[in-house]
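Before any comments, here is the structure.
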Amino acid sequence: MVPTKEENPNGLHQKYVVTKADGSSVDPDAEYFVLRLDYKGGDVSHVRACRAALSMYAKAIQERIPDLANDLKERYDLHHPFIEAWLLMAKRTHQTNCDKGFVAEDGNIDHGTQFMLMVCELCEAFEAFRSSAPDDKLPWREGREVELGDTVIRIMNYATQAKLNVAPAMIEKDEYNQGRPYKHGGKKF
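Going by our numbering, the first residue of the sequence shown is number 86, and it counts up by one from there.
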């Protein structure tokens with residue numbers, strides 16, 4: 086017997102009626118579970134785990150049921166081109182960081198230092214803007230381009246070390262922002 090919500094608030098307390106898209110019934114002997122895949126009112130870590138499970142499922146069925154796998158990937162941005170590119174670049178920059186000795190061998194992260202390094206890169210971008218100088222290491226580039234790039238690299242390295250899913254969060258935050266009113270909250274800028 087499935088425990089009630091009071092007995093196990095994180096357990097299988099909800100029941101759903103499952104039917105096929107055409108309305109016909111499904112195998113009565115099968116068990117189904119529902120994944121919540123939106124962040125609106127949901128527990129972020131739970132939703133992240135659900136999306137990871139769905140992504141693994143889509144990969145597992147890719148050869149056997151390609152239409153379903155592709156539908157899942159498209160509908161839930163499981164393999165969004167931006168996310169794929171971000172993850173490739175993050176892996177590359179993090180490996181460089183490791184190779185050059187900038188990641189603690191014991192895996193510990195000094196979170197405060199990492200955040201301040203990101204802030205420092207933004208300050209360097211501001212200084213490059215003020216001076217209108219080209220970058221000293223990539224002189225064919227405007228200084229602020231390179232410093233903003235350094236900021237993103239710092240963010241990628243931190244996110245990789247801390248196992249944060251920044252790329253999907255950026256997409257979701259942009260979608261949320263699109264639904265906000267003009268200069269919401271009475272903000273001037």
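Cβ coordinates follow ideal geometry from the N, Cα and C atoms, glycine included.
If you draw a straight line from the C-alpha of E159 to the C-alpha of G186, how long is it?
-> Their backbone Cα atoms lie some 39 Å apart in a straight line.
Can you tell which of L163, D112, N155 has its C-alpha closest to the C-alpha of A137?
-> Answer by Cα proximity: L163.
Going by DSSP, which residues form a beta bridge with E227?
-> Answer by DSSP bridge pairing, in chain order: P219.
Separation of A244 from V251, as counted between CA atoms = Counting only the Cα atoms, A244 lies some 7 Å from V251.
Do three or more CB pairs link the region 189–207 to the region 251–265 at distances below 8 Å?
-> Taking one beta carbon from each stretch, the region 189–207 and the region 251–265 have fewer than 3 pairs nearer than 8 Å; the two do not touch.
Three-state class that DSSP yields for S109 in the structure shown | In this structure, S109 counts as coil in the three-state DSSP scheme.
Are the beta-carbon atoms belonging to N242 and N182 less than 7 Å from one another?
-> Yes.
Pull up the DSSP beta-bridge partners for T104, would you.
-> DSSP lists S110 as partners of T104.
Closer than 8 Å by C-beta to K176: which residues in its own chain qualify, once you throw out the five before and the five after it? Chain order, please.
-> Excluding positions up to five away in sequence, the list reads T245.
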